[in-house]
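Student: Residues in the sequence shown are numbered consecutively from 249, following our numbering.
Mind looking over this structure? Questions follow.
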Amino acid sequence: MDTPAEKADVIERRLADLRTELDMQMDTFIGYPCAGDFDYDALQPFLRYPLNNVGDPFSDSSYRIGTRAIEREVLAWFAALNHIPEKEYWGYVTTGGTEGNMHGMYTARELLPDGIAYYSEATHYSAIKIMRVLGLRHITIRAQPDGAMDCDDLYETLRIHRDVPPIIFANVGTTMTEGIDDIPRIKAMLDELAIASFYVHVDAAFSGMILPFCDDPPKYDFRCGIDSIAISGHKFIGTPFPCGVALVQRRHVGHIARSIEYIGARDTTLTGSRSGLAPLFLWYVIHKLGHDGFRRRVAGCQELARYAVECFLATGVEAWRNPLSLTVVFPAPPAELQRKWQLAVQDGVAHFITVPPINKARVDAFIADYLVACSRT
Ligand SMILES: *Cc1c(COP(=O)(O)O)cnc(C)c1O
Numbered sequence: 249m250d251t252p253a254e255k256a257d258v259i260e261r262r263l264a265d266l267r268t269e270l271d272m273q274m275d276t277f278i279g280y281p282c283a284g285d286f287d288y289d290a291l292q293p294f295l296r297y298p299l300n301n302v303g304d305p306f307s308d309s310s311y312r313i314g315t316r317a318i319e320r321e322v323l324a325w326f327a328a329l330n331h332i333p334e335k336e337y338w339g340y341v342t343t344g345g346t347e348g349n350m351h352g353m354y355t356a357r358e359l360l361p362d363g364i365a366y367y368s369e370a371t372h373y374s375a376i377k378i379m380r381v382l383g384l385r386h387i388t389i390r391a392q393p394d395g396a397m398d399c400d401d402l403y404e405t406l407r408i409h410r411d412v413p414p415i416i417f418a419n420v421g422t423t424m425t426e427g428i429d430d431i432p433r434i435k436a437m438l439d440e441l442a443i444a445s446f447y448v449h450v451d452a453a454f455s456g457m458i459l460p461f462c463d464d465p466p467k468y469d470f471r472c473g474i475d476s477i478a479i480s481g482h483k484f485i486g487t488p489f490p491c492g493v494a495l496v497q498r499r500h501v502g503h504i505a506r507s508i509e510y511i512g513a514r515d516t517t518l519t520g521s522r523s524g525l526a527p528l529f530l531w532y533v534i535h536k537l538g539h540d541g542f543r544r545r546v547a548g549c550q551e552l553a554r555y556a557v558e559c560f561l562a563t564g565v566e567a568w569r570n571p572l573s574l575t576v577v578f579p580a581p582p583a584e585l586q587r588k589w590q591l592a593v594q595d596g597v598a599h600f601i602t603v604p605p606i607n608k609a610r611v612d613a614f615i616a617d618y619l620v621a622c623s624r625t
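What follows is the structure in structure tokens.
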């Protein structure tokens, strides 16, 4: 048996090794849209409570060690950001984009059990899993080279199936290229086809924290008459664990609510026990940065993305980015470089995303490495 001192030593060494490994990996972290420049040390004291926001954040629970009031403030902030009036929204802080998307599709299926879901081929890989879990009939629509849904293909497909209520799973910022589906045009098409019964969910996992802080962004929020939206917390904002926000039209939630005596709360969320830390971390950063802070952060990241494309083009590499986007798209480099820089590759195309702490020096280092690796093959 190890003595307590030996046990402590083993733990200490293992943790030190893990930190060394993580610090090393952070130096080449460029291929995923998750910011890593945060400082939540002020929240350290809250690690001492068994926080749990179990159930519906808008109904009281007999479990009172949590951050429900803080969570409601976070939701109010996201509701204002997405232009839905105070009395009309419902939502909760989720485990990430996938849960928000699943909640949106769950709500859609409860409202339109016979509906068909439509999403573009550029949609995040989790969509197909969500369709399977919910047993939703679904049709994949072509995507344009920029990643946005091909609206002509959608129109033709909707026309053929106009007797079945459509459930549109729209992208606002696709994973590979930050492509944005044209929500106003999709709404106009539904109108033109005289389809009265439909549901529109927006997957804004990444761009939902970028576009509201740009001048003249494409229209996609509740002003366009969408039904629900999912936004990630651990991507552009940055948190030490995955989290996100789901917002939905409050009038839809009654279909899902069921009173559960055990927790004394309405059972409207996909998960039962929920993180009390996630809302607290989001609340903290929202107050620390504020709208002005996020505007400056977005502008800085866009400037870096613009710089990166310019550098690539100056060396003859055909890189590009969508307007307003932080995602720099370029031909996939050899496998060894993909591994080194933790790049996600699809169909011969790779990307990096200019979220902090990625800076000019990191972009320069990557491009230099890229040119060497590509000249060798
Ligand atoms: C990251 C992402 C998701 C999934 O979000 P998780 O937080 O990883 O569950 C869904 N859609 C898009 C467009 C994403 O970028």
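A virtual CB, placed ideally from N, CA and C, is assigned to each residue, including glycine.
If you compare alpha carbons, which of ARG357, ARG385, PHE454 and PHE542 is closest to ASN419?
Tutor: PHE454
Student: Beta strand (DSSP E) containing GLN292: first to last residue?
Tutor: Neither: GLN292 is in no beta strand (DSSP E) and is coded neither H nor E.
Student: What residue from ASN349, ARG587, VAL322 and THR425 has the CA that sits closest to SER224's CA?
Tutor: Residue 224 lies beyond the stretch modelled for the chain, which goes from 249 to 625, so this question has no answer here.
Student: If you run the structure through DSSP and keep just helix, strand and coil, what is HIS351?
Tutor: Looking at HIS351 - three-state DSSP - the assignment turns out to be helix.
Student: In chain order, what residues of the same chain lie with their CB nearer than 6 Å to the CB of GLY512, ignoring the 5 residues before and after it?
Tutor: SER309 and SER310
Student: Could you round the C-beta distance between ASP394 and THR425 to whole angstroms and report it? I think they count as a contact, below 8 Å.
Tutor: 6 Å
Student: Any idea what DSSP makes of TRP338, helix, strand or coil?
Tutor: strand
Student: Counting Cβ pairs closer than 8 Å, one from the segment 522-529 and one from the segment 539-557, do we hit at least three?
Tutor: no
Student: Find the nearest neighbour of TRP531 within the set ALA290, TYR555, LEU518 and ARG267, judged by alpha-carbon distance.
Tutor: ALA290
Student: When we look at the beta-carbon of PRO605 and count the other beta-carbons within 10 Å, is it buried (16 or more) or exposed?
Tutor: exposed
Student: Hey, how far is the Cα of GLU404 from the Cα of VAL302?
Tutor: Roughly 44 Å separates the two Cα atoms.
Student: Could you check how far apart the C-beta atoms of LEU561 and ALA567 are, in whole angstroms? I think they sit under 8 Å.
Tutor: So it is a contact: roughly 6 Å between Cβ atoms.
Student: Does the beta carbon of ASP394 fall short of 7 Å from some heavy atom of ligand 1?
Tutor: Within 7 Å of the C-beta of ASP394 there is not a single heavy atom belonging to ligand 1.
Student: With a Cβ-Cβ cutoff of 8 Å, do GLY486 and ALA324 count as a contact?
Tutor: no
Student: Quick check: TYR340 and PRO305, are their CB atoms within less than 8 Å of each other?
Tutor: Between TYR340 and PRO305, the gap from beta carbon to beta carbon is short of 8 Å.
Student: Between which two residues does the alpha helix (DSSP H) carrying PHE600 extend?
Tutor: Taken as a continuous stretch (DSSP letters only), PHE600 belongs to no alpha helix (DSSP H), being part of the beta strand (DSSP E) at 597-601.
Student: Taking contact to mean at least 3 C-beta pairs separated by less than 8 Å, is the segment 273-282 in contact with the segment 494-503?
Tutor: With the cut-off at 8 Å, the segment 273-282 and the segment 494-503 do not touch.
Student: Mind checking whether the beta-carbon of PRO460 lies closer than 7 Å to any heavy atom of ligand 1?
Tutor: no
Student: Assign PRO579 to one of three DSSP states: helix, strand, or coil.
Tutor: Of the three classes helix, strand and coil, the one that applies to PRO579 here is strand, per DSSP.
Student: Who sits around ligand 1, taking every residue whose Cβ is closer than 5 Å to one of its heavy atoms?
Tutor: GLY344, GLY345, THR346, HIS372, THR423, ASP451, ALA453, PHE454 and SER480
Student: Taking ILE278 and PRO298 to be in contact with their CB atoms under 8 Å, please state how far apart those CB atoms are, rounded to whole angstroms.
Tutor: So it is not a contact: roughly 37 Å between Cβ atoms.
Student: How many whole angstroms separate the CB atoms of ILE416 and TYR366, which I take to be in contact at a CB cut-off of 8 Å?
Tutor: 6 Å
Student: Under the three-state reduction of DSSP, which class applies to SER623: helix, strand or coil?
Tutor: Assigned with DSSP and collapsed to three states, SER623 falls in helix.
Student: So for HIS449, helix, strand or coil by DSSP?
Tutor: strand
Student: Among the residues of its own chain, which have a CB less than 6 Å from the CB of TYR337, if the five just before and after it don't count?
Tutor: ALA327, LEU495 and ARG498
Student: Does any residue of chain D bring its CB to less than 8 Å from the CB of ALA370?
Tutor: Considering every chain present, this structure includes no chain D. It has just one protein chain.
Student: Check whether the Cβ atoms of VAL603 and ALA556 sit closer than 8 Å, and answer yes or no.
Tutor: no
Student: Less than 8 Å between the CB atoms is what I'm expecting for THR422 and ALA370, so what's the real figure, rounded?
Tutor: 4 Å
Student: Within the same chain, show all residues whose beta-carbon is closer than 7 Å to that of HIS500, passing over the 5 residues directly before and after it, in chain order.
Tutor: THR355, LEU359 and ASP475
Student: Assuming ALA505 and THR519 make a contact with CB atoms under 8 Å, what is their CB distance in whole Å?
Tutor: Not a contact, Cβ separation roughly 15 Å.
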